[in-house]
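**Student:** In order, the protein sequence lines correspond to chains A and B. The numbering used here puts the first residue of the first sequence at 120, with every later residue one more than the last. The numbering used here puts the first residue of the second sequence at 120, with every later residue one more than the last. A virtual CB, placed ideally from N, CA and C, is assigned to each residue, including glycine. Just so you know, these numbers come straight off a predicted model, no measurement behind them. Here you go, one structure.
There are 2 protein chains.
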Amino acid sequence: MSRTYSVIGSGALGGFYGCRLQRAGLPVQFLARGDYETLKTAGWKVASKDGDFDLAHVDVYPSIDSLPPADVVLLCLKSTSNHEILAHLAQTIKPGGVLVVMENGFGIEEEVACYVGRDRVLGACCFLCSNKVAPGRIEHLDYGTVAFGELSVDGMPVGVTDRMKQIAEDFGQAQIEVQLADDLRLARWKKLVWNIPFNGLSVILLEETNQLVGNPSLRSLVQTIMNEVALAARADGRSIPDQFISTMIEHTEQMKPYKTSMRIDFDERRPLEVEAIFGAPLRWASERNVPMPVVESMYRELVFLDQRNRAHLANP
Amino acid sequence: MSRTYSVIGSGALGGFYGCRLQRAGLPVQFLARGDYETLKTAGWKVASKDGDFDLAHVDVYPSIDSLPPADVVLLCLKSTSNHEILAHLAQTIKPGGVLVVMENGFGIEEEVACYVGRDRVLGACCFLCSNKVAPGRIEHLDYGTVAFGELSVDGMPVGVTDRMKQIAEDFGQAQIEVQLADDLRLARWKKLVWNIPFNGLSVILLEETNQLVGNPSLRSLVQTIMNEVALAARADGRSIPDQFISTMIEHTEQMKPYKTSMRIDFDERRPLEVEAIFGAPLRWASERNVPMPVVESMYRELVFLDQRNRAHLANP
Numbered sequence: 120m121s122r123t124y125s126v127i128g129s130g131a132l133g134g135f136y137g138c139r140l141q142r143a144g145l146p147v148q149f150l151a152r153g154d155y156e157t158l159k160t161a162g163w164k165v166a167s168k169d170g171d172f173d174l175a176h177v178d179v180y181p182s183i184d185s186l187p188p189a190d191v192v193l194l195c196l197k198s199t200s201n202h203e204i205l206a207h208l209a210q211t212i213k214p215g216g217v218l219v220v221m222e223n224g225f226g227i228e229e230e231v232a233c234y235v236g237r238d239r240v241l242g243a244c245c246f247l248c249s250n251k252v253a254p255g256r257i258e259h260l261d262y263g264t265v266a267f268g269e270l271s272v273d274g275m276p277v278g279v280t281d282r283m284k285q286i287a288e289d290f291g292q293a294q295i296e297v298q299l300a301d302d303l304r305l306a307r308w309k310k311l312v313w314n315i316p317f318n319g320l321s322v323i324l325l326e327e328t329n330q331l332v333g334n335p336s337l338r339s340l341v342q343t344i345m346n347e348v349a350l351a352a353r354a355d356g357r358s359i360p361d362q363f364i365s366t367m368i369e370h371t372e373q374m375k376p377y378k379t380s381m382r383i384d385f386d387e388r389r390p391l392e393v394e395a396i397f398g399a400p401l402r403w404a405s406e407r408n409v410p411m412p413v414v415e416s417m418y419r420e421l422v423f424l425d426q427r428n429r430a431h432l433a434n435p
Numbered sequence: 120m121s122r123t124y125s126v127i128g129s130g131a132l133g134g135f136y137g138c139r140l141q142r143a144g145l146p147v148q149f150l151a152r153g154d155y156e157t158l159k160t161a162g163w164k165v166a167s168k169d170g171d172f173d174l175a176h177v178d179v180y181p182s183i184d185s186l187p188p189a190d191v192v193l194l195c196l197k198s199t200s201n202h203e204i205l206a207h208l209a210q211t212i213k214p215g216g217v218l219v220v221m222e223n224g225f226g227i228e229e230e231v232a233c234y235v236g237r238d239r240v241l242g243a244c245c246f247l248c249s250n251k252v253a254p255g256r257i258e259h260l261d262y263g264t265v266a267f268g269e270l271s272v273d274g275m276p277v278g279v280t281d282r283m284k285q286i287a288e289d290f291g292q293a294q295i296e297v298q299l300a301d302d303l304r305l306a307r308w309k310k311l312v313w314n315i316p317f318n319g320l321s322v323i324l325l326e327e328t329n330q331l332v333g334n335p336s337l338r339s340l341v342q343t344i345m346n347e348v349a350l351a352a353r354a355d356g357r358s359i360p361d362q363f364i365s366t367m368i369e370h371t372e373q374m375k376p377y378k379t380s381m382r383i384d385f386d387e388r389r390p391l392e393v394e395a396i397f398g399a400p401l402r403w404a405s406e407r408n409v410p411m412p413v414v415e416s417m418y419r420e421l422v423f424l425d426q427r428n429r430a431h432l433a434n435p
């Protein structure tokens, strides 16, 4: 029998992966709030660079308490909403099942583990360019690779487990490229190496990725920031070679001009994932006296910009 | 006989101090380019918190080559225009006279000294809030203190000289508050402690001083930046106590909300003084392996923002 999936958060990320899994024949339950009625009546529409498709019938639930337990729960919210569902997560996982943290950020698996148990948490770094353009409508622009990894109990790499392979098999069936990371922590640091400079500067300077790597002054700044993150990773026992950084910059140059997720959140006046992407690694580093001066200065600016950006919502 | 003065640069700074000196009865020659006709026919109009006044007759010259030599030459350009006049400066100073660098920035006295001789250069840090609101019209909002100091030959403090006292006497007669700095270099570092965070962040975040010290996250960033500048000053043998930094932040809190000169330049799409205020101290620090990571990241952003801000001028 197929493993059952739940997707918590029907946005650009959860919508895309959930739809791909359902199209591949896997049983998928979606938790949706704002989009519940649309999904119930009209289903999903996915416009993708790999081919458009619709899913007319969607198994959708309006609240986490109404969601039946599943074998694999994909946590696909913005990390800024985690506090609303953390206490209800355990009930969404079948006995023997797992929860996969698909969100951006640092240390979220540890937080989730406090609620569902350390042995039921996987993490996944998603390399996906997609947007939710309207309720029930996903636009998939580029990429899609998912790197799965186990949460470590002692900080050491866990290696590749059977359940990782099983989930990877389902994703592969859904034509999603997968990687099996034997060290989730390293995968998270590597993702931060990209996320911190590009998400941060895209909001501070209001530019897309092409300017951030195309302008010589900013490219040099991006490199400085990446080095700072790599130094912190090194203090965590994870080596990120210089070659990785230069390759990442080159790849970004070759990408289509891309609006980062933080920039999209900013433009939509949604809360920014400042704490997950900046605050959490900074606090980790600060507790170990690892200096991250440039990342910290970006953090301070982003906290302010996020407040200013949403001030009109508090005082309409 | 009175000392004669020349004011090179008839903007918010040179206009204000030159007018005050002329009102006090001192002979003042102005070099003006864009404002030449206005000053020739209508003179200066100064609206000041200390009392408004007009100067109907102004001794104004349209080019540096037409400017007769003076005893005291006040260099009041934006540092971004220095390259246009450096080679002509020597001829503007009478034998036995001096040139006073009144501009913002670091190391400008040294550069000017290459053209006019090291023994004919003074520096002055100006603490002035004023704007040129139209040709020939100055609006003086607040402050006005000038701190004079001698250019050192060996990096050590020079002390207070007779010619500093004489010029200070003239400024005092013009009701300008003066300070006699026995160490110009220390005065320059102290000015950078304010200029670097407030000028930089005002452009990067598009805010005035009140937000930069009023928001807790930004206030903490301002303090970090000030500490970074103070550490560089320490490497230059200049001690800037913590107390100086906290006092400066408190004073800025008590100031009326103020648009920095760099922000005004940015809004007017004029070149920013990025090299004088950021680039020069950074290069100094870099040559001595003194880390200024946050200041450097601001520098990179400002170089880009300056380019973007004026890109339409290059490609109309």
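Thinking C-beta only, is A:Ala-232 closer than 8 Å to A:Leu-186?
**Tutor:** no
**Student:** For a contact defined as C-beta to C-beta under 9 Å, what are the partners of B:Thr-379 on chain A?
**Tutor:** Under the 9 Å cutoff, chain A gives no residues; its nearest Cβ is about 16 Å from B:Thr-379.
**Student:** Only counting runs of 3 or more residues, tell me where the beta strand (DSSP E) segments fall wholly within the region 239-274 of chain B, in order along the chain.
**Tutor:** 240-253 and 256-269
**Student:** Could you round the C-beta distance between A:Val-165 and A:Val-147 to whole angstroms and report it? I think they count as a contact, below 8 Å.
**Tutor:** The Cβ separation is near 13 Å, so there is no contact.
**Student:** Within the 8 Å Cβ cut-off, does A:Leu-241 reach chain B?
**Tutor:** no
**Student:** Below 6 Å CB to CB, which residues in the same chain sit around B:Glu-228 once its five sequence neighbours on both sides are set aside?
**Tutor:** Val-220, Val-240, Gly-242 and Leu-270
**Student:** Quick one: give me the first and last residue of the alpha helix (DSSP H) that B:Leu-140 is part of.
**Tutor:** 131-142
**Student:** Near A:Thr-280, which residues of its chain fall below 6 Å by C-beta distance, leaving aside the five closest residues on each side in sequence?
**Tutor:** Glu-269
**Student:** For a contact meaning CB atoms closer than 8 Å, what does A:Val-422 contact in chain B?
**Tutor:** Ser-336
**Student:** Determine the chain B residues that contact A:Val-413 at a beta-carbon separation under 9 Å, and present them in chain order.
**Tutor:** Those within 9 Å of A:Val-413 in chain B are Pro-412, Val-413, Glu-415 and Ser-416.
**Student:** Out of A:Asp-355, A:Leu-337 and A:Pro-188, which one is the CA nearest neighbour of A:Glu-372?
**Tutor:** A:Leu-337
**Student:** Taking C-alpha atoms, which residue in B:Asp-425, B:Thr-123, B:Pro-188 and B:Leu-132 lies nearest to B:Ser-321?
**Tutor:** B:Asp-425
**Student:** Give the interface partners of A:Thr-343 over in chain B, defined as CB-CB distance under 7 Å, in chain order.
**Tutor:** Ser-416
**Student:** So that I know if they touch, is there some Cβ in chain B lying closer than 8 Å to that of A:Arg-419?
**Tutor:** yes
**Student:** Quick one: is B:Ile-183 near chain A, going by C-beta distance under 8 Å?
**Tutor:** no
**Student:** Give the residues of chain B in contact with A:Ile-323, contact being defined as C-beta atoms less than 9 Å apart.
**Tutor:** Ile-323, Leu-324 and Glu-420
**Student:** Helix, strand or coil: which one does DSSP assign to A:Asp-178?
**Tutor:** strand
**Student:** Where do the ends of the beta strand (DSSP E) carrying B:Lys-197 lie?
**Tutor:** Note, B:Lys-197: premise wrong, no beta strand (DSSP E); not H, not E.
**Student:** Could you check whether B:Asp-154 and B:Pro-254 sit closer than 8 Å to each other, using their CB atoms as the reference points?
**Tutor:** With respect to the 8 Å criterion, B:Pro-254 and B:Asp-154 are classified as neighbours on the basis of their beta carbons.
**Student:** Can you pull the chain A residues whose beta carbon is under 8 Å from the beta carbon of B:Ser-339, in chain order?
**Tutor:** For B:Ser-339, the chain A residues whose Cβ falls inside 8 Å of its Cβ are Arg-419, in order along the chain.
**Student:** Please name the residue, chosen from B:Ala-206, B:Glu-420 and B:Gln-141, that lies closest to A:Ile-323 on a Cα-to-Cα basis.
**Tutor:** Distance check between A:Ile-323 and each of B:Ala-206, B:Glu-420 and B:Gln-141 places B:Glu-420 closest, using alpha-carbon atoms only.
**Student:** B:Ser-121 and B:Leu-145: beta carbons closer than 8 Å?
**Tutor:** yes
**Student:** Are at least three pairs of beta-carbons, each pair with one atom in the region 190-209 of chain B and one in the region 384-392 of chain B, less than 8 Å apart?
**Tutor:** yes
**Student:** For chain A, is any of its Cβ atoms less than 8 Å away from the one on B:Leu-432?
**Tutor:** No - not a single Cβ of chain A is within 8 Å of the one on B:Leu-432.
**Student:** Which residues bound the beta strand (DSSP E) around A:Pro-214?
**Tutor:** 212-220
**Student:** Classify A:Pro-435 as buried or exposed, calling it buried when 16 or more other Cβ atoms lie within 10 Å of its own Cβ.
**Tutor:** Unreliable placement is indicated for A:Pro-435, whose pLDDT of 46 sits below 50; the coordinate value is still reported in the next sentence. The residue is exposed, with fewer than 16 neighbouring Cβ atoms inside 10 Å.
**Student:** Let's see if you can read the secondary structure: which residues bound the alpha helix (DSSP H) around B:Val-332?
**Tutor:** 328-333
**Student:** State the Cα-Cα distance for the pair B:Arg-402 and B:Arg-282, rounded to the nearest angstrom.
**Tutor:** 31 Å
**Student:** For B:Leu-140, tell me which candidate among B:Glu-230, B:Arg-152, B:Glu-156 and B:Val-191 has the shortest Cα-Cα distance.
**Tutor:** Nearest Cα to B:Leu-140 within the set B:Glu-230, B:Arg-152, B:Glu-156 and B:Val-191: B:Val-191.
**Student:** When burial is assigned at 16 or more other CB atoms within 10 Å of the CB, is A:Val-217 buried or exposed?
**Tutor:** buried
**Student:** What residue does the alpha helix (DSSP H) around A:Ile-451 start on, and which one ends it?
**Tutor:** Beyond the ends of chain A as shown, which are 120 and 435, falls residue 451 of chain A; an answer cannot be given.
**Student:** Return helix, strand or coil for A:Lys-108, following the three-state DSSP convention.
**Tutor:** In this structure chain A extends from 120 to 435, so residue 108 of chain A is not present and cannot be described.
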